[in-house]
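Asks:
Protein chains: 2
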Amino acid sequence: MTSKRTSESAGRLSGFAKALRVSDGFVLSDVDPAATPNFDGGKAEGQAALEESQAEQADLLERLYAESTAGGTRSVLLIVQGMDTSGKGGIMRHVISVNPQNVKATAFKAPTRAERRHHFLWRIDRALPGPGQLGVFDRSHYEDVLIVRVHELVPEDVWSGRYAEINDFERRVVDRGTTVVKVMAHISAGEQKARLMKRLERPDKHYKYNPGDVDERRLWGAYMDAYQAALSRCSTEHAPWHVVPADHKWYARLAVQQILLEALRGLHLQWPAADFDVEAEKDRLAAT
Amino acid sequence: MTSKRTSESAGRLSGFAKALRVSDGFVLSDVDPAATPNFDGGKAEGQAALEESQAEQADLLERLYAESTAGGTRSVLLIVQGMDTSGKGGIMRHVISVNPQNVKATAFKAPTRAERRHHFLWRIDRALPGPGQLGVFDRSHYEDVLIVRVHELVPEDVWSGRYAEINDFERRVVDRGTTVVKVMAHISAGEQKARLMKRLERPDKHYKYNPGDVDERRLWGAYMDAYQAALSRCSTEHAPWHVVPADHKWYARLAVQQILLEALRGLHLQWPAADFDVEAEKDRLAAT
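Printed below as a string of C-alpha cells:
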C-alpha cells in the first residue's frame, strides 16, 4: 500500500517555502504550472503525504490556540490568490479542515456598496485573525491591484500607490504578532479551459460557471502582468509571496499545506505552563 | 475490514432526530448519557458510519451554497450546548470539517463588556448564518438561561422571561429561512470527572483546565435543573431540542452528524438550473 516515497516522507517533508518563494528577479512566466517542485512522488504519494501531515498541523494549531489562552497574541494568516478555477476552494477544504474552530476564514468577493465607501484595506483589517487563530483569505486585498488594475476600476495613480500601502499594512500586521503566509495558486490558461469545460459538462457544477469567465480569459495576459507586479513588489522580507504550481490539484494542496506547516513550525509553539497547582487540583477534583 | 453493521449502514442511517428529540413530558434525568440510541454498533462501526456520511453531507452543503448563488435564502444553524468536557469541540471538528468555507462558526464565551450593554440576543443575531451557509454555535443564547440562571447573574424575573423571548427569536429566524438544529451533548457527572482528571494528567491539556471547573461541579444539580427547563420550554415545533448521550464521544459525534444530515435532507436541495445557454457557452469557451 505505501510506496517508497511515502515511507520516506513519513518522517517529515521540508523546504517547500524556500523552493516556491518569490525572490529578486522572479519571473512568473518562467514558472511551469504543471511542475511539482520539491516533491518527487505522484498523486497517490502526494495525497498520502498531505494526510500524514494533518496530525502535526492540528497539533501546532492547537498549540497556537493554547498559547492565546495564556495571554499569547500570535496568530497566522494564510492568503490564497489565484485565477478562477485555480483550486482555491479545494486548497481551503483540504488544508484548513483540520481545525475549523480556531480558523477565521473569509472569502472576499467584489466589494459591497458599503465596503466601497471605505479604504480598500478596511474590510481586510476586520477579517484579520485574533490571538491564537489561523486566518484564511480566499482572495484578498491583492484583488485591489489585480482585477482592479486589469479593468481599471480605479485610476492608475490610485492602484499604483497600493503596492506600497499593502506593504506598509502587512508590516503592521506582522508587527502585531501575525505570521503572514501568501500563496498564489498558479494554473495555465489551458488547464483553466479544461476546468471550465468540465463545469459546463456537469449540471452539478453549473452554479460555479459564469459567462463572464470566458470574457476574463481574453485578459489572461493582463492578469499575468498584474500578478507579476504584485508578486515582485509585495514579496517582502516580512511577508513573502510563494507561487505554487497548481495544474495538479494534489500538488497545490500539498504545497500550501507544507508552506503553512513550515510557518507554524517556525513559531516554536510550546504548551503553556499550568497557572494552577496541578496536584492540588487533582485532590480537589477527586473530592467531588 | 468492514463489519456487518457498516455494510448495512453503508446504505443510509436514519431516525436519529426522532429518537433523540425532546417532546412533551421529557425528563432529562431519565436519559442515560452512556446509551447509544438508534445505533446498534460499537465505536469502530460508529466511526466508520461517521466517515461514510461525510460525502453526502459535503454534497448537501454544497447544494445549499449553490442554491444561494441562484438567489436562494435558506440556511441551517446548528446549536450545540453541553456541560464542560461534554465534547463540543470534538463534535465541531468531526461534524463540520467537511466544508469549512460555507460554515460560519462562532464560539460564545462569557459576554464582553460591550456585549453586555446590549440585549442578550444581540450578539446571537450577528452570528446567524447568511444565505447558503451552515452556522454553528458552540454554546449560544441558551447560556443566558443556564449559567446565568445557576449563578443568578440577572434577577429571576429577567431570566424567567427569556424562554419566551428565545422562542419568539427562533421563530423569526426560522421564518427567514433558517433551519434550526439544537443539540445538547449530555454527559454524566462521573464521565466529566474522568475527563477533567485526564486534563490534569496531560501537560498538553492543562490549558483546557480551569480551577473553576471543580467549583462548577458542585452546582451540577442546579445545571441539570436549568437544562431541564430550557429543554422543556424551548423545544418547539419550529426549533426542537435533541439530547445526545455523550459519554461515548464517537456516538455523540455520529448522532449530531446524523441529526444535521437529516435536517439537510429535509430541505430537498436541488442544483440550480443554469441561467445561461450551456451549449453556447461551450462554443464560446472552445474558441478561446
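Chains as they are written, first to last, in our numbering: chain Y, 395 to 682; chain F, 395 to 682.
In this text, a Cβ means the ideal position worked out from N, Cα and C, and glycines have one as well.
1) Could you pull the start and end residues of the alpha helix (DSSP H) that residue 635 (chain F) belongs to?
2) Indicate the three-state DSSP secondary structure (helix, strand or coil) for residue 503 (chain Y) in the structure shown.
3) Looking at residue 410 (chain F): is its Cβ nearer than 9 Å to the Cβ of residue 649 (chain F)?
4) Buried or exposed: which applies to residue 443 (chain F), given that a residue is buried once 16 or more other Cβ atoms fall within 10 Å of its Cβ?
5) Given a threshold of 16 other Cβ atoms within 10 Å of its Cβ, counted over all protein chains shown, does residue 685 (chain F) qualify as buried or as exposed?
6) Less than 9 Å between the beta carbons of residue 508 (chain F) and residue 576 (chain F), yes or no?
7) Taking DSSP as the reference, what is the three-state secondary structure of residue 663 (chain F)?
8) Here's the rule I'm using: 16 or more other beta-carbon atoms within 10 Å means buried, otherwise exposed. How should residue 466 (chain Y) be labelled?
9) Any C-beta of chain F within less than 8 Å: which residues of the segment 664–676 of chain Y qualify?
10) Quick check on residue 532 (chain F): does DSSP put it in helix, strand or coil?
11) Determine the direct distance from the alpha carbon of residue 474 (chain F) to that of residue 415 (chain Y), and round the result to whole angstroms.
12) Under 8 Å by Cβ, that's how I've got residue 637 (chain F) and residue 422 (chain F) pegged, so tell me the actual separation to the nearest angstrom.
13) From the DSSP output, in three-state form, read off residue 626 (chain Y) for me.
14) Select from F:608, F:613, F:539, F:480 the residue whose C-alpha is nearest the C-alpha of residue 514 (chain F).
15) Any idea what DSSP makes of residue 470 (chain Y), helix, strand or coil?
16) For residue 593 (chain F), which of F:479, F:413, F:468 has the nearest alpha-carbon?
17) When you compare the CB positions of residue 532 (chain Y) and residue 563 (chain Y), do they come within less than 9 Å of one another, or not?
18) Is it the case that the Cβ atoms of residue 530 (chain F) and residue 574 (chain F) are separated by a distance below 9 Å?
19) Using only alpha-carbon positions, find the residue among F:674, F:458, F:420 that is nearest to residue 595 (chain Y).
20) Can you give me, in chain order, the residues of the segment 580–601 of chain Y that have a beta carbon less than 7 Å from any beta carbon in chain F?
21) Would you verify that the beta carbon of residue 603 (chain F) is, or is not, closer than 9 Å to some beta carbon of chain Y?
22) According to DSSP, simplified to helix, strand and coil, what is residue 672 (chain F)?
23) With a cut-off of 9 Å, does the C-beta of residue 630 (chain F) fall near any C-beta of chain Y?
24) Going by beta carbon distance, what residues of the same chain come within less than 8 Å of residue 557 (chain F), once the five residues before and after it are set aside?
25) Looking at the C-beta of residue 678 (chain Y), does it have a partner C-beta in chain F at a distance below 9 Å?
26) Just to make sure I have the definition right: I need the residues of chain Y whose C-beta is within less than 9 Å of the C-beta of residue 608 (chain F). Which are they?
27) Along the segment 506–535 of chain Y, what residues have a CB closer than 9 Å to any CB found in chain F?
28) Nearest by alpha-carbon distance to residue 489 (chain F): which of F:640, F:458, F:447 is it?
29) Using only alpha-carbon positions, find the residue among Y:436, Y:477, Y:512, Y:432 that is nearest to residue 607 (chain Y).
30) Taking C-beta pairs closer than 8 Å, name the residues in chain F that residue 572 (chain Y) reaches, listed in chain order.
31) Report buried or exposed for residue 546 (chain Y), applying the criterion of at least 16 other Cβ atoms within 10 angstroms of its Cβ.
32) Against residue 460 (chain F), what residues of chain Y qualify as contacts under a CB-to-CB distance less than 7 Å, listed in chain order?
33) Measuring straight from C-alpha to C-alpha, what distance separates residue 642 (chain Y) and residue 631 (chain Y)?
34) Check each residue of the segment 463–475 of chain F: if its Cβ is closer than 7 Å to any Cβ of chain Y, include it; give the result in chain order.
35) What does residue 611 (chain F) reach in chain Y if we use C-beta pairs closer than 9 Å?
36) On the DSSP letters alone, give me the boundaries of the alpha helix (DSSP H) that residue 413 (chain Y) sits inside.
Replies: The relevant details are as follows:
1) Within the second sequence, residue 635 (chain F) is the residue found at index 241, counting from 1. Per DSSP, residue 635 (chain F) belongs to no alpha helix (DSSP H); it is in the beta strand (DSSP E), 635–639.
2) Taking the first residue of the first sequence as position 1, residue 503 (chain Y) is located at position 109. DSSP places residue 503 (chain Y) in coil when its eight states are reduced to three.
3) Residue 410 (chain F) sits at position 16 when you count from the first residue of the second sequence. Residue 649 (chain F) sits at position 255 when you count from the first residue of the second sequence. Their beta carbons are under 9 Å apart, which means residue 410 (chain F) touches residue 649 (chain F) by this criterion.
4) Position 49 of the second sequence, counting from 1, holds the residue named residue 443 (chain F). With 16 or more other Cβ atoms inside 10 Å of its own Cβ, residue 443 (chain F) counts as buried.
5) Outside the displayed span of chain F (395 to 682) sits residue 685 (chain F), for which this structure offers no information.
6) Along the second sequence, one-based indexing puts residue 508 (chain F) at 114. Along the second sequence, one-based indexing puts residue 576 (chain F) at 182. Going by C-beta atoms, residue 508 (chain F) is not nearer than 9 Å to residue 576 (chain F).
7) Along the second sequence, read from residue 1 onward, the residue named residue 663 (chain F) stands at position 269. If DSSP states are grouped into helix, strand and coil, residue 663 (chain F) belongs with coil.
8) Walking along the first sequence from the start, residue 466 (chain Y) turns up at place 72. Classification of residue 466 (chain Y): buried, given that the 10 Å Cβ count is 16 or more.
9) 665, 666, 667, 668, 670, 672, 675, 676
10) Position 138 of the second sequence, counted from the first residue, corresponds to residue 532 (chain F). Strand, per DSSP.
11) Residue mapping note: residue 415 (chain Y) aligns to position 21 of the first sequence, counting from 1. Residue mapping note: residue 474 (chain F) aligns to position 80 of the second sequence, counting from 1. Taking the straight line joining both Cα atoms gives about 42 Å.
12) In the second sequence, the residue the question calls residue 637 (chain F) occupies position 243. In the second sequence, the residue the question calls residue 422 (chain F) occupies position 28. At roughly 7 Å, the Cβ-Cβ gap stays under 8 Å, so residue 637 (chain F) and residue 422 (chain F) are in contact.
13) Here residue 626 (chain Y) is taken as the residue at index 232 of the first sequence, counted from 1. Note: residue 626 (chain Y) maps to helix in three-state DSSP.
14) Against the second sequence, residue 514 (chain F) aligns to sequence position 120. Minimum Cα distance to residue 514 (chain F) is reached at F:539.
15) Reading the first sequence from its first residue, position 76 is the one you call residue 470 (chain Y). Residue state, collapsed to three classes: strand.
16) For the purposes of this step, residue 593 (chain F) is identified with residue 199 of the second sequence, where counting begins at 1. F:479 is the residue among F:479, F:413, F:468 whose C-alpha sits nearest the C-alpha of residue 593 (chain F).
17) In the first sequence, counting from the first residue as 1, residue 532 (chain Y) sits at position 138. In the first sequence, counting from the first residue as 1, residue 563 (chain Y) sits at position 169. No, Cβ-Cβ distance for residue 532 (chain Y) and residue 563 (chain Y) is not below 9 Å.
18) Residue 530 (chain F) sits at position 136 when you count from the first residue of the second sequence. Residue 574 (chain F) sits at position 180 when you count from the first residue of the second sequence. No, the Cβ-Cβ distance between residue 530 (chain F) and residue 574 (chain F) is not below 9 Å.
19) By one-based count along the first sequence, residue 595 (chain Y) stands at place 201. For residue 595 (chain Y), the nearest C-alpha among the options comes from F:674.
20) 587, 590, 591, 594, 597, 598, 600, 601
21) Your numbering for residue 603 (chain F) matches position 209 in the second sequence. Judged by the 9 Å Cβ criterion, residue 603 (chain F) is in contact with chain Y.
22) If you number the second sequence from 1, residue 672 (chain F) lands on position 278. Of the three classes helix, strand and coil, the one that applies to residue 672 (chain F) here is helix, per DSSP.
23) For this step, residue 630 (chain F) is matched to residue 236 along the second sequence. So, not an interface residue.
24) Mapped onto the second sequence, residue 557 (chain F) falls at position 163. So the list reads 539, 623, 624, 627, 628, once near-sequence residues are dropped.
25) Counting from 1 along the first sequence, the entry for residue 678 (chain Y) is found at position 284. Yes, its Cβ sits closer than 9 Å to a Cβ of chain F.
26) Here residue 608 (chain F) is taken as the residue at index 214 of the second sequence, counted from 1. Ordered by position in chain Y, the residues that pass the 9 Å Cβ test against residue 608 (chain F) are 675, 678, 679, 681, 682.
27) 530, 532
28) Within the second sequence, the letter at position 95 stands for residue 489 (chain F). Ranking F:640, F:458, F:447 by Cα distance to residue 489 (chain F) puts F:447 first.
29) Numbered from its first residue, the first sequence carries residue 607 (chain Y) at position 213. If we check each option's Cα against that of residue 607 (chain Y), Y:477 comes out closest.
30) Against the first sequence, residue 572 (chain Y) aligns to sequence position 178. Neighbours of residue 572 (chain Y) on chain F: none; closest Cβ ~20 Å, over 8 Å.
31) Here residue 546 (chain Y) is taken as the residue at index 152 of the first sequence, counted from 1. Exposed.
32) The sequence position of residue 460 (chain F) within the second sequence is 66, counting from 1. Result: 601.
33) To locate residue 642 (chain Y), count along the first sequence from 1; it is residue 248. To locate residue 631 (chain Y), count along the first sequence from 1; it is residue 237. Approximately 28 Å between the Cα atoms of the pair.
34) So the close ones are 463, 464.
35) Taking the first residue of the second sequence as position 1, residue 611 (chain F) is located at position 217. Neighbours of residue 611 (chain F) on chain Y, chain order: 679, 682.
36) Numbered from 1 along the first sequence, position 19 holds the residue referred to as residue 413 (chain Y). Segment 410–414, the alpha helix (DSSP H) holding residue 413 (chain Y).
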